[in-house]
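J.: Handing you a structure now.
Chains as they are written, first to last, in our numbering: chain A, 1321 to 1488; chain B, 273 to 514.
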């Protein structure tokens, strides 16, 4: 086989080593560092992006949970407000009613008192006039017939009648 | 009909001497240079302006580099693996380009030269020894007496292990050489057959030529990959002592 011809041994070995060394140097010095750097940069970038996405997802979940909680809270407080308003309205209405009732009763009591006072005054006045009239009548009768039994009886009856009327 | 081995013959193109050493330029040497230039051009085109969102060539080269880095980390370990990526990348692409350039009709398959594959194999093996001694010092010699060997077996184990260890560069060199030589010889035989026959029958070997050519394209990648992965395994062995 021509490959075993040692005539080319030194040349092939020498140039193999030199070519390999040159290529190794070139790749090591110029080609591989930027390529490896790019690879690492991309890896880092992807990892960071994934981390970021995960972080954002968690944040979004937290926001959602917060919003839901807030909504629930808002519902609860709205219900509470309605309930309070209802209660207050009822209480106000009841108070108004009671107030009106009290007022009415007071007015009634006052009116009853006034009527009672007026009646008493009228009774007193009537009694005083009756006495005066009786006295006058008595005077006149006395002047005319002091001894007349019949007349005396009339006077008494009159007085009694007046008294009786006043009593009613 | 010429010999199917004719294509492996070399002829000095330019006589050259260095300290009495014959370093004449021949076709194989020129193809080596073309391989170096081709690999560097591909890498440099990508490395000059690497982008975070890569183009086609960048994807190709980055994929290969990442693949080699993974290989190095798996076989050599996380601690030392990355340091050997340049060596493994050079090995892989140098062999791959020499294999592929050899497939161009009229060019020369450098990896069908046993001296070239032997040089690369011995370099790889020598590197694994240097790494072994650098990492473990003289304890590296334990690699010739695997752990768990009974003491009375040791005298037998050591020569066996020495032979098996020395067979590594031999197998590396022969595998690549034999694969490339055999493939190209078959191509030459089939094509010679196709030329020497009438068209009525000649299309059959010619069809085989096309099929084998496709296979050889595949083999060019496979052999470069095997050489590189074995290199990483041998270096890993030296780092881990099995």
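We put the CB at the ideal spot given by N, CA and C, even for glycine. These numbers were taken from a predicted model, which means no experiment stands behind them.
Is it a yes or a no for the stretch 493-505 of chain B touching the stretch 366-373 of chain B, going by three-plus beta-carbon pairs under 8 Å?
T.: yes
J.: Write down every uninterrupted run of the alpha helix (DSSP H) in the stretch 386-450 of chain B whose length is 4 residues or greater and which is fully enclosed by it, in chain order.
T.: 386-408
J.: Starting from residue 501 (chain B) and walking both ways along the alpha helix (DSSP H), at which residues does that stretch end?
T.: In this chain, the alpha helix (DSSP H) harbouring residue 501 (chain B) covers 471-512.
J.: Would a check of beta-carbon distances place residue 1344 (chain A) closer than 8 Å to chain B?
T.: yes
J.: Does DSSP classify residue 282 (chain B) as helix, strand or coil?
T.: coil
J.: Report the start-end ranges of each beta strand (DSSP E) in the stretch 1380-1412 of chain A that is 3 residues or longer and not cut off at the edges.
T.: none
J.: Under 8 Å, CB to CB, which of the residues in the stretch 1356-1373 of chain A have a partner in chain B?
T.: 1356, 1357, 1358, 1359, 1361, 1362, 1365
J.: State whether the stretch 425-442 of chain B contacts the stretch 346-366 of chain B, with contact taken as three or more CB pairs (one from each stretch) at a distance under 8 Å.
T.: Remark: fewer than three beta-carbon pairs, one from each stretch, lie closer than 8 Å, so the stretch 425-442 of chain B and the stretch 346-366 of chain B are not flagged as touching.
J.: Which whole-angstrom value is the C-beta distance of residue 412 (chain B) and residue 404 (chain B), which I expect to be below 8 Å?
T.: 4 Å
J.: Of the choices B:319, B:402, B:453, whose alpha-carbon is the least far from that of residue 1355 (chain A)?
T.: B:319
J.: Grouping DSSP H, G and I as helix and E and B as strand, with all else coil, what is residue 295 (chain B)?
T.: coil
J.: Quick check: the Cα distance between residue 301 (chain B) and residue 1353 (chain A), rounded to an integer number of angstroms?
T.: Straight-line Cα distance between these residues: approximately 28 Å.
J.: I think residue 306 (chain B) touches residue 295 (chain B), with their Cβ atoms under 8 Å apart; what is that distance to the nearest whole Å?
T.: Going by Cβ atoms, the distance from residue 306 (chain B) to residue 295 (chain B) rounds to 18 Å, so no, they are not a contact pair.
J.: Quick one: complete alpha helix (DSSP H) runs, 4+ long, within the stretch 333-377 of chain B?
T.: 357-374
J.: If you check the beta carbons only, do residue 1333 (chain A) and residue 457 (chain B) fall under 8 Å apart?
T.: 8 Å or more divides the Cβ of residue 1333 (chain A) from the Cβ of residue 457 (chain B).
J.: Per DSSP, which residues does residue 290 (chain B) bridge with? Please list them.
T.: Note: residue 290 (chain B) sits in a beta bridge opposite B:293.
J.: What does residue 1332 (chain A) touch in chain B if you count any residue whose Cβ is under 7 Å from its own?
T.: 300, 385, 387, 388
J.: In angstroms with no decimal places, state the Cα-to-Cα distance between residue 481 (chain B) and residue 283 (chain B).
T.: So the alpha carbons of these two residues sit roughly 26 Å apart.
J.: Got a sec? Which residues, its chain only, sit under 8 Å from residue 394 (chain B) by beta carbon, not counting five neighbours each side?
T.: Contacts found: 441, 445.
J.: Label residue 422 (chain B) either buried or exposed according to how many other C-beta atoms from any shown protein chain fall within 10 Å of its C-beta, with 16 as the threshold for buried.
T.: exposed
J.: Any C-beta of chain A sitting closer than 8 Å to the C-beta of residue 322 (chain B)?
T.: yes
J.: Just to confirm, are residue 1490 (chain A) and residue 388 (chain B) a CB contact at a threshold of 8 Å?
T.: No statement about residue 1490 (chain A) is possible, as the shown extent of chain A runs from 1321 to 1488 and does not include it.
J.: Can you pull the chain A neighbours of residue 333 (chain B), defined as C-beta to C-beta under 7 Å?
T.: 1355
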